[in-house]
Amino acid sequence: MDLDMVPVSLPKAAVPIVLPVPPGGVKVLPRWAEEDEVSRWRLKYRPHATEDPSSDFDEGAAWVELELRHFTRELPLSNLEFGLLHDFKVAIQTPEGWSDWSVAAQCEAPPPHPPGKLATLLPRVLDVSSVKVRWTPPIDNTTVAPGLRVQRYMIVVTWPPRPGEDEAACKREIMVADETESYVITGLESLTDYTFQIAAENAAGWGELSDPTVPMQTMPPVPTTLNQPTLRRPTHHSAVIQWQHPPFSEAPVLSFRFRHTSSADWSSDVVEIHDVSPALSQYVIQGLKPGHVYMFQVRAVNKYGMGIWSDSSIPIRTMDGATPSTIEDLQASEIYKSFIRLQWRPVEENGHPITEYRLRYAHTEDMAGAVEAVPAVVRDKGFDRCDVRHLRKLKYHFQVAAINHLGMAEWSAVMGMANVQFRAVECVSLQVSPTIGGLIDAFLGKSVEQVMAIQCLRAGLPNVLKANLMGSMHWCLLLVLGMSIFAAGVKKKTCKFNVDGAAAQMSCQVVCAISITLPTMFGAVPGVTSHQVMLLSRVCAIILIFLYICFIYFHLKTHKAQFQNRQAAEDGLPDHVQTAEDQDLSRLSLGSSIFLMVSSIVITTLNSQVLVDNILDLSERFEVPLQFIGATMLPILGNTAEHVASVSHAIKDEMDTSIAIALGSALQIALFVVPLSVIWGWAFDRPMSLNFSMYDSAVMLLGTFLVAQILQHGSSNWLHGAMMMMVYLMIAVISGA
């Protein structure tokens, strides 16, 4: 039915009220007379096209009609083209029928506006470089038309500028295009104050930024949580733990920490281990109990703090305990005047600490009638040792066993000690004062060289004697000492020794080299007679003997601590104690010792006389130069014992004793035998002086300075020994040329 054809008696609708509702919408409120009973109403609208709003016959756009099925006092319209004027007409229905369309009301749909200001922005720190922010969308976002809802968000991150940094550069804008209410911001720096703001954007543009949040910092860059550690090679008291290092960060790891427990829930028996080196990726955990199940955790530490404990390792069980293992290498390391020292390498405890040791000894190998005791055992330099005192027999057999609270181990293999006599000279020295003993040892200890010197002077062979003396010094100083250092260096990377005692002996050796060089150089001066050289040599010889007596007094009286064996000094042993592995417990009497000394000197004299009388024939028969015989072959006779003893002690890592033997022997020749040979020549009216050849003097000086340079640091290695032996080899080759 066309409303325009309704009779005039029908109700009449008034001009509606149209209110603009942003964005792009209006609210239409119909109007009618109070007496009209309106049950329904309807609306039509269109964009305005003519200047006459009451005309229904213009040629504008078509009307859009809406009929309400239910009665309401207002009708909102949206999605109108904003910025454009629209015409609105209404018609009402009463019991009498529908009214005509009212006069058109005009209204312009308001343009959309940007989203409102977000009221809530909540940042939360996730880790050292990221923060998660959450927000509530604008209030009007759910009520606007779909086309005007928020399209994206902008998060603004700001931080205070550092010195010299532009403030404008201390800002970061992050666009969030998704329809979300949270976002994770990454790439932040630790220990920096950050503030956060957010704004929303729709088709109308950006809304206002929210209020800045309270400044906040990310977590300090503590190390990340490590992976679960692994364990291997459990023993009675230890296990090896392995772990992976955390990823590299701006704060390097300073150390690692471990903890372990034998309880399943970490509620008790928790032990922590701190300050493990950051360079390690595995570590031996000590102090575990045998037969227990353990779990381990690890975490890293840097300058900002500690990481979180890793997951617990797979439980591991330590080995069950047992009685100690059997001692396998029992030996007598040192034999003293009144007791013997036994030593052995530490045995396996097998899970339980050793409570004591048992010692037994007897006179027969079958251990019949053995005496059993509980010795006081101490650990020293990788060995367990004990002292057995008040022994009187010539031969003993020993056994040792370890005990823990589970029981006693089996007895070690029987170790026997045979009877070995002291040398006669040493026995005499031990029965007098240290100074007198030193003089006796100096005078008779080199009896072979002295007898050889007298025989050479008697036979008129002073050049052979000089070659012998020089060769003996080279033998002891370069070959014996070099071989000892080489042997010790092959067994051990670096050999330590008492540098004070070696320095005192080398200083005296340098003085001897100077005393030989001075007469030699003095004899080369034009106009100097042989008589003057002889006089200077005899004066120097007396000075050297006096210097040697001073050295003995220095060595044995005033500064004996400098020359004391380090082992004996640390153990607090008396000065007269001597160290020798295979030395007997008994000593010769003074009368027997003197008899043996006299007998050995007589035998040496006879043998030396025969040797010297046949030197010339030996040289002519085998075409061997006398210089080579004197410098290389004769020193073997008097220095073989020192050579063997020095190398043997070096192999046992007794470098103090080894160096004392080699340097002491060289020093006895240099400060005593050489000047005494000059005195013997003076007494027998033989031309024996200190005027050696320029070659011998130069070699003496160079060799002495080489050894002094090697020994000055208190440590050596096999290369030092090889150098000294090669120098001696060159000297020997030249002497035979």
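Residue numbering for the sequence shown follows this note's numbering, starting at 25 and increasing by one per position. Each residue gets a CB set at the ideal place from its N, CA and C atoms; glycine is no exception.
- Boundaries of the beta strand (DSSP E) around Asp111: 109–118.
- Counting only unbroken stretches of 3 or more residues, the beta strand (DSSP E) elements lying wholly within the stretch 37–102 are 37–45, 49–56, 64–71, 88–91, 99–101, in sequence order.
- It is roughly 42 Å from the alpha-carbon of Pro711 to the alpha-carbon of Glu678.
- In this structure, Ser508 lies away from Ser336, with their beta-carbon atoms at least 9 Å apart.
- Of all alpha-carbon atoms in His137, Ala37, Leu658, Glu98, the one lying nearest the alpha-carbon of Lys113 is that of Ala37.
- Cβ neighbours of Phe106 within its own chain (closer than 7 Å, five residues either side excluded): Pro47, Gly48, Ala133, Pro134, Pro135, Pro136.
- With respect to Phe510, Leu735 sits apart: the two C-beta atoms are not nearer than 9 Å.
- As DSSP reads the structure, Pro147 sits in a beta bridge with Val157.
- With a beta-carbon spacing of about 7 Å, Met243 and Ser214 fall inside the 8 Å limit used to define contacts.
- For Leu568, no beta strand (DSSP E) segment is defined; the enclosing uninterrupted segment is the alpha helix (DSSP H) at 554–577.
- If you draw a straight line from the Cα of Thr553 to the Cα of Val523, it is about 42 Å long.
- Phe708 and Gly688 have their C-alpha atoms spaced approximately 28 Å apart.
- Following the DSSP letters along the chain, one finds Ala686 inside the alpha helix (DSSP H) bounded by residues 679–692.
- In this structure, Thr342 places its C-beta atom within 9 Å of the C-beta atom of His316.
- Taking C-beta separations shorter than 8 Å and ignoring five residues to either side along the sequence, the partners of Val514 in its chain run Trp742, following chain order.
- Taken atom to atom, the span from the alpha-carbon of Ala227 to that of Ile163 is near 16 Å.
- At a Cβ-Cβ threshold of 9 Å, Ala433 and Thr379 do not count as neighbours.
- Taking the Cα positions, Leu354 is about 13 Å away from Ile364.
- For Asp411, DSSP records a beta bridge to Arg365.
- Counting along the chain, the unbroken alpha helix (DSSP H) around Tyr752 starts and ends at 742–759.
- DSSP places Asn326 in the uninterrupted beta strand (DSSP E) bounded by 317–326.
- Between Gly231 and Lys141, the C-beta gap is smaller than 9 Å, which places the two residues in contact.
- Rounded to whole angstroms, the gap between the alpha carbons of Pro247 and Ser273 is 8 Å.
- The beta carbon of Tyr572 lies closer than 6 Å to those of Leu695, Phe696 in the same chain, with the five residues before and after it left out.
- When Tyr318, Thr347, Pro302 are compared, the shortest CA-CA separation from Asn326 is found for Pro302.
- With a contact defined as Cβ atoms closer than 8 Å, Ala129 and Val42 qualify at about 5 Å.
- In the three-state scheme derived from DSSP, where H, G and I count as helix and E and B as strand, Phe422 is classed as strand.
- Here the alpha carbon of Thr388 sits roughly 45 Å from the alpha carbon of Leu502.
- With a contact defined as Cβ atoms closer than 8 Å, Gln117 and Ser206 miss out at about 52 Å.
- In the same chain as Ser357, and ignoring 5 residues on each side of it, the C-beta atoms closer than 6 Å to its own belong to Arg365, Gln367, in chain order.
- By the Cβ-count criterion, Arg409 is buried, with 16 or more other Cβ atoms from all chains shown falling within 10 Å of its own Cβ.
- Under the three-state reduction of DSSP, Cys194 is assigned to coil, being neither helix nor strand.
- Ala223 is a Cβ neighbour of Val180, given a cutoff of 9 Å.
- Exclusion of the five residues before and after Tyr307 leaves Ile265, Val300 as the residues of its chain whose Cβ lies within less than 6 Å of its Cβ.
- If you look at Met530, you'll find it in the alpha helix (DSSP H) that goes 523–547.
- Bridge partners of His284 according to DSSP: Val295, Phe320.
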